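The sequence shown: position 58 = 81 (my numbering), numbered continuously.
By construction, the Cβ of each residue, glycine as well, lies at the ideal position given by its N, Cα and C atoms.
This structure is a prediction, so every number in the text was calculated from the model and none was measured.
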Amino acid sequence: MMPWAALYPQPVNPRITRYEAVAIARAECRRRNVPWYEPITVHASWRNWLIWTMSQGRENNVHVAIDRRTGKVRRVVGPRRC
Numbered sequence: 024m025m026p027w028a029a030l031y032p033q034p035v036n037p038r039i040t041r042y043e044a045v046a047i048a049r050a051e052c053r054r055r056n057v058p059w060y061e062p063i064t065v066h067a068s069w070r071n072w073l074i075w076t077m078s079q080g081r082e083n084n085v086h087v088a089i090d091r092r093t094g095k096v097r098r099v100v101g102p103r104r105c
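Structure representation (structure tokens):
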């Protein structure tokens, strides 16, 4: 019988720190010409660092996902442009 933990993915060892992830996200927003507003929220998921800008507001939010092992930008979403 397999232990239950073998059935679920284990969290990765982060090689990219929280501060490096924020720096990478800020540089990516600058590269894409997307506004960067403070305050930000940083969350560690299983495989990614998730960074939200303008986290206390409802508009101009940018969501950036950074791979915790490689530092690669996985996704940039927002802000909505009308």
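Query raised in the report: At which residues does the alpha helix (DSSP H) containing I39 begin and terminate?
Result: Element bounds for I39: n/a, residue is neither H nor E.
Query - Pairwise C-alpha distance: A50 and S68 - result: Take the alpha-carbon of S68 and the one of A50: they are about 21 Å apart.
Query raised in the report: With 16 as the cutoff for other CB atoms within 10 Å, does R38 come out buried or exposed?
Result: Taking every protein chain shown into account, the CB of R38 has fewer than 16 other CB atoms within 10 angstroms, so this residue is exposed.
Query raised in the report: Straight-line CA distance for N83 to N56?
Result: Rounded to the nearest whole angstrom, the CA to CA distance from N83 to N56 is 13 Å.
Query raised in the report: In whole angstroms, what separates the C-alpha of P102 from that of Y42?
Result: Distance between the alpha carbons of P102 and Y42: 22 Å.
**Report entry** Own chain, CB closer than 7 Å to D90, minus 5 neighbours either side, in chain order
**Finding:** The beta carbon of D90 sits closer than 7 Å to the beta carbons of R70, N71, R97 from its chain, once the five residues preceding and following it are set aside; these are given in chain order.
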